[in-house]
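Asker: Handing you this structure, nothing more for now.
Laid out in structure tokens, this is it:
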């Protein structure tokens, strides 16, 4: 049985990459050492890291004004590190509340001393199934924080709000390298690796260097200036996740880069959204205008039926379709490495399920 | 050519473990998913994590009073997290300065607001080649911090200082699971994984739960109470490093546990120390009473000769013997997975080198 893994992360990796890791696991580049055993001060590591960084810069078209950091701790660690580093002029931060992860980022920022945290717009009224439309900043902020894609709620900023003069910070964990972000529009972008890139344990930060206060003296692991100075090698970096990410970057370049990934992701998500829009049993929960490219929550509206669907889908090799505990129902996450065949298999399974549950639906659809 | 990797970390892993990772990399427990692709909310992960945690508890004889956390960021991240969590009563922390890593921990603690940081003893006078002897705490501290093994300087607390009434915090990155620490004597122990355990990107914290302030409200990734509540699954954990560490724990149990590892580490280090003590060319730099079990710096006293030794040793398959930039000379790090045969190969190479450089030394030794 072919298994399709719809997990929101850790998620599917390109099978070619997994095979390559396997093939060279006991001896990295003829060193007779596993990549897990090589020193982070060795030339072997330095070359691997510099290539990964350069490939990422190329793939995302990161401008020269921005530096790239390979860190640990997940996007959640950045909920603390970003305000510590960027909110030092006005000490004011604006958040757009678009669901669970932006709320977590807001809560963590509020726990820092001496920062003013304003929520300037919220999707609360519509249960976070749509993004807030009127996003205005009434004051000067050190930055405005946006969760660009909301993994749990399945929404996504398809267009950035107009906020002239404000610095934008974006959490792009769910669609980094799967959607063409204009890095130049942001002061800082961050993303964990376990969705669109590779194994969990790696976090990427892309920051416009002139936003940083060179005089600020933060504890070393929380200080972008110190981390940049040591080129993400201030202490031992997560060598294996960086290695795997580097292989994924090379795979992405071979596939045609981010533009090609976005096209493929659109094909996969369009197929599923179309099925959802045409179904009498299932419906997508996110508002059409704000739909995510990579995370698609849906439901029958009947809890027991949702559970039955998840169970039967799992038996058919369609795994990890259970929705997040906060919203229930189902969720299909389809990142870069997820194949079109998996989206097709899900759609076909949904059609079969719908016909079984309500044969009349199928008839009426004729 | 057999290659022996004397790296201070990332370091050698048991070859059986590397082989097992390779064998099951494309399908973890018949799931048809790589371990890199499984969700941290799946039963597969939960079982793997709980086993790793239980095995670690057994191996280290962690008492019930202490909780175990699997985190990210390296020991360096704990330089900030420990004081944030433990220094809230007196807000005073005592440090024993035993070299580079304790100094880094001191510097990071001093950057936190509202903490008083006292250095109560220092090995500065003897260039950190010996540990300070008179360690006294004149005040009540929230804790006294000790770098139990100094990876760079090659010193180690073979006996803990008598500090009645004070809580001890120990950095055991270099000899966790390689030396029998009495966990009960500590309020908190922490260690990065890339020396004695597995791939970089995993940090272990063992903390006496009643030392924590349940009311303290720190940013989530820095708050032990929140991390304990979610059993190290507050955000996506570093699944692959945890998986590899879990396999190493099982390997350690099969080998006879920590007592057996300590015996083997003593055999390896004794062999090298004996060679150093009997050599007319090489000498160990650390004071005899404070010598590390796992990190052995040594030198000929001649920079050019040291460099020649490192170059020729590398050519002979004895890799990563170059000393840390701060102290120069050579350093042999031999952790749990490092074989006795490697220590023997080094000693034999040193003897040959010594004879080549100074044939008279060999004669006079007769």
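Chains as they are written, first to last, in full-length UniProt numbering: chain A, 1 to 366; chain B, 1 to 366. Every residue, glycine too, gets a C-beta built ideally from N, C-alpha and C.
Name the DSSP beta bridge partners of residue 67 of chain B, please?
Answerer: DSSP output for residue 67 of chain B lists B:207 as bridge partner(s).
Asker: In whole angstroms, give me the CA-to-CA distance for residue 129 of chain A and residue 152 of chain B.
Answerer: Cα to Cα, residue 129 of chain A sits roughly 54 Å from residue 152 of chain B.
Asker: Determine, using beta carbons only, whether residue 85 of chain B comes closer than 8 Å to chain A.
Answerer: So, not an interface residue.
Asker: Mind listing the chain A neighbours of residue 239 of chain B? Cutoff is C-beta to C-beta under 9 Å, in chain order.
Answerer: Result: 10, 194, 199, 200 and 201.
Asker: For the alpha helix (DSSP H) that residue 263 of chain A lies in, which residues bound it at each end?
Answerer: Unbroken alpha helix (DSSP H) run through residue 263 of chain A: 257-278.
Asker: Using a Cβ-Cβ cutoff of less than 8 Å, which residues in the same chain neighbour residue 155 of chain A once the five nearest sequence positions on both sides are dropped?
Answerer: Closer than 8 Å at Cβ, skipping near neighbours: 98, 99, 123, 128, 129, 130, 131, 149, 286, 287, 290, 291 and 292.
Asker: Since residue 59 of chain B contacts residue 256 of chain B with CB under 8 Å, what's their CB separation in whole angstroms?
Answerer: Going by Cβ atoms, the distance from residue 59 of chain B to residue 256 of chain B rounds to 11 Å, so no, they are not a contact pair.
Asker: Given this structure, state the Cα-to-Cα distance separating residue 227 of chain A from residue 75 of chain B, to the nearest angstrom.
Answerer: Between residue 227 of chain A and residue 75 of chain B, the C-alpha separation is close to 15 Å.
Asker: By the DSSP assignment, the beta strand (DSSP E) with residue 37 of chain B in it spans what residues?
Answerer: No beta strand (DSSP E) contains residue 37 of chain B, which DSSP labels as neither H nor E.
Asker: Report the rounded CA-to-CA distance for residue 179 of chain B versus residue 105 of chain A, giving the unit in angstroms.
Answerer: Cα-Cα distance, rounded: 40 Å.
Asker: Between the C-alpha atoms of residue 4 of chain A and residue 194 of chain A, what's the straight-line distance to the nearest angstrom?
Answerer: Distance between the alpha carbons of residue 4 of chain A and residue 194 of chain A: 17 Å.
Asker: For the stretch 93-148 of chain B, list the beta strand (DSSP E) runs that are entirely contained and at least 3 residues long, ordered along the chain.
Answerer: Listed in chain order, the complete beta strand (DSSP E) runs (minimum 3 residues) inside the stretch 93-148 of chain B are 116-122 and 143-147.
Asker: Mind reading off the beta-carbon distance from residue 170 of chain B to residue 146 of chain B? Whole number of angstroms is fine, and I expect it under 8 Å.
Answerer: About 5 Å separates the two Cβ atoms, so the contact holds.
Asker: For residue 313 of chain A, which residues in chain B fall below 9 Å Cβ to Cβ?
Answerer: Near residue 313 of chain A there are no residues of chain B at all, since even the closest Cβ is about 15 Å away, more than 9 Å.
Asker: Opposite residue 170 of chain A in the DSSP bridges: which residues?
Answerer: Answer by DSSP bridge pairing, in chain order: A:146 and A:189.
Asker: What residues in the stretch 21-42 of chain A bring their beta carbon closer than 8 Å to a beta carbon of chain E?
Answerer: The structure shown contains no chain E; its protein chains are A and B.
Asker: For residue 189 of chain A, I'd like the list of residues in its chain whose CB is within less than 6 Å of its CB, leaving aside the five on either flank, ordered along the chain.
Answerer: Around residue 189 of chain A: 170, 172 and 206.
Asker: Just how far apart, CA to CA, sit residue 234 of chain B and residue 42 of chain A?
Answerer: One C-alpha to the other measures close to 33 Å.
Asker: Could you give the distance in angstroms between the alpha-carbon of residue 11 of chain A and the alpha-carbon of residue 223 of chain B?
Answerer: Their backbone Cα atoms lie some 27 Å apart in a straight line.
Asker: From the DSSP output, in three-state form, read off residue 298 of chain B for me.
Answerer: Looking at residue 298 of chain B - three-state DSSP - the assignment turns out to be strand.
Asker: When you compare the CB positions of residue 241 of chain A and residue 80 of chain B, do they come within less than 8 Å of one another, or not?
Answerer: For residue 241 of chain A and residue 80 of chain B, no; Cβs fall outside 8 Å.
Asker: Taking contact to mean 3 or more Cβ pairs, one atom from each stretch, closer than 8 Å, check whether the stretch 332-339 of chain B and the stretch 11-28 of chain B are in contact.
Answerer: Result yes; three or more Cβ-Cβ pairs closer than 8 Å.
Asker: Give a yes or no on whether 8 Å exceeds the smallest Cβ distance from residue 290 of chain A to chain B.
Answerer: Closer than 8 Å: no.
Asker: Given a limit of 8 Å on CB to CB distance, which residues of the stretch 213-236 of chain A reach chain B?
Answerer: Of all residues in the stretch 213-236 of chain A, 217, 218, 219, 220, 221, 222, 234, 235 and 236 have a Cβ within less than 8 Å of some Cβ in chain B.
Asker: Based on the DSSP output, what are the partners of residue 335 of chain A in its beta bridges?
Answerer: Partner(s): none; residue 335 of chain A has no beta bridge.
Asker: Going by DSSP in three states, residue 363 of chain A sits in which element: helix, strand or coil?
Answerer: The predicted model places residue 363 of chain A with a pLDDT of 47, which falls under 50 and marks its position as unreliable; any figure quoted below should be read in that light. Helix, per DSSP.
Asker: Just to make sure I have the definition right: I need the residues of chain B whose C-beta is within less than 7 Å of the C-beta of residue 116 of chain A. Which are they?
Answerer: Ordered by position in chain B, no residue passes the 7 Å Cβ test against residue 116 of chain A, which lies about 16 Å from the chain.
Asker: Nearest to residue 111 of chain B by CA position, among A:221, A:302 and A:51, is which residue?
Answerer: Measuring from the Cα of residue 111 of chain B, the nearest candidate turns out to be A:221.
Asker: Taking the beta carbon of residue 187 of chain B as the centre, do at least 16 other beta carbons fall within 10 Å, making it buried, or is it exposed?
Answerer: With 16 or more other Cβ atoms within 10 Å, it is buried.
Asker: For residue 350 of chain B, which beta-bridge partners are listed by DSSP?
Answerer: DSSP output for residue 350 of chain B lists no bridge partner at all.
Asker: Using the beta-carbon count (16 or more within 10 Å), is residue 2 of chain B buried or exposed?
Answerer: Residue 2 of chain B should be labelled exposed.
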